[in-house]
Amino acid sequence: MTKSVLITGAGTRIGKTLAKGLHADGWSVAIHYNRSRETAEALAAEMGENVALVQANLNVPDEIQTLIPRAIKALGTPLTALINNASTFTPDEAQSFTSALYSHHMDINLKAPLLLAQSFAQNFGKTLPSTTSGVIINMIDQRVLKPSPDYFTYALSKSALYAATQTLAQALAPRIRVCGIGPGPSLQNKHQSPADFAAEIDATLLKSGSPPDTILHAVRYLLSAEAVTGQMIAVDGGEHLIF
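To convert, take the position in the sequence shown, counting from 1, and add 60; that gives our numbering.
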């Protein structure tokens, strides 16, 4: 059976590393993108065979609902794994958050992964023999292990995804395992200066953060760990222990 995976937000940043790494491991990879068409196309060209591109706006439920079937058609093989990597992040506070930003965080960081997990499970049951198992990996955030009021609605959306990872693991067993990864400081975000990002890494216990390759290592483990479900691995240099 061909190993095949859909990775959301795979055209850039962490998703790009995951796509290249798993493809090198022999996986067929469906690269999802929204607006990063040029970078996604360049990545697909670099990777070569057994790669497909699928576009969808994860703010639009109808586009989410068709994403899994389109990925299967584009790859020409059923999906055996789904990595919900796409995410959005805008800082806000409890005293000043807006309804629009709350909805945006929840739509991208929670609703989209849930709808994709549902679609993955529905199509998995239709297209694969009963002896085949599948895996869903949700990119969460290490801060769910020690909540704080920082990044208020973003943190709420990721905490909800953490809870959903556990309940999905219960609901989709035994054929589909559902796990999560909680990254720490991995890549500088658009709201940080280089100095701020360096300081965040230096503040972790291991003073290393979580470069994309370390997240790839954790993904590889979870894809192969047949007895693991409902768990989140914090790949964060120990950051969750110091908040």
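Cβ coordinates follow ideal geometry from the N, Cα and C atoms, glycine included. Being a predicted model, the structure only gives us computed values, none of them experimental.
Just the Cα atoms here: how many angstroms apart are residue i and residue j?
i, j, result
"Asp152", "Pro207", "15 Å"
"Lys63", "Asp273", "20 Å"
"Asp85", "Ile275", "15 Å"
"Cys239", "Thr225", "6 Å"
"Gly81", "Ile261", "24 Å"
"Thr99", "Ala154", "36 Å"
"Ile128", "Gln248", "30 Å"
"Ser159", "Pro173", "20 Å"
"Ser219", "Ile200", "8 Å"
"Leu161", "Thr191", "43 Å"
"Glu123", "Ala263", "40 Å"
"Pro189", "Ala79", "25 Å"
"Ser268", "Gly75", "20 Å"
"Leu228", "Ala259", "36 Å"
"Val111", "His83", "8 Å"
"Leu118", "Gln182", "19 Å"
"Gly71", "Val65", "14 Å"
"Leu176", "His277", "23 Å"
"Ala215", "Ser163", "13 Å"
"Asp256", "Pro271", "16 Å"
"Leu282", "Leu135", "22 Å"
"Ala102", "Ser147", "21 Å"
"Thr213", "Ser156", "10 Å"
"Glu286", "Ala233", "12 Å"
"Gln230", "Lys171", "18 Å"
Report yes if the C-beta distance between residue i and residue j is below 9 Å; otherwise report no.
i, j, result
"Arg280", "Gly242", "no"
"Phe180", "Ile196", "yes"
"Phe149", "Tyr211", "yes"
"Gln115", "Asn94", "yes"
"Glu299", "Pro254", "no"
"Arg237", "Val288", "yes"
"Leu265", "Ile293", "no"
"Ile132", "Thr187", "yes"
Run through DSSP, which three-state label would residue i get?
i, result
"Ser64", "strand"
"Ala263", "coil"
"His92", "strand"
"Leu142", "strand"
"Asn169", "helix"
"Gly297", "coil"
"Ala102", "helix"
"Gln115", "strand"
"Ser163", "helix"
"Gln155", "coil"
"Ile302", "coil"
"Ser270", "coil"
"Thr77", "helix"
Original post:
Looking at C-beta atoms only, is the number of pairs between the region 75 to 93 and the region 159 to 169 that lie closer than 8 Å three or more?
Top reply: no
**OP:** Mind the definition here: the region 137 to 149 touches the region 100 to 109 only if three or more C-beta pairs lie below 8 Å; say whether that holds.
**Re:** no
Original post:
What are the uninterrupted segments assigned as alpha helix (DSSP H) that are 4 or more residues long and contained completely in the region 182 to 255, given in chain order?
Top reply: Look at the region 182 to 255 and you find these whole runs of alpha helix (DSSP H), each 4 residues long or longer: 212 to 232.
**OP:** Quick one: which unbroken alpha helix (DSSP H) runs of 4-plus residues sit fully inside the region 272 to 297? Chain order, please.
**Re:** Secondary structure in the region 272 to 297: the alpha helix (DSSP H) runs of 4 residues or longer, each lying completely within the stretch, are 272 to 284 in chain order.
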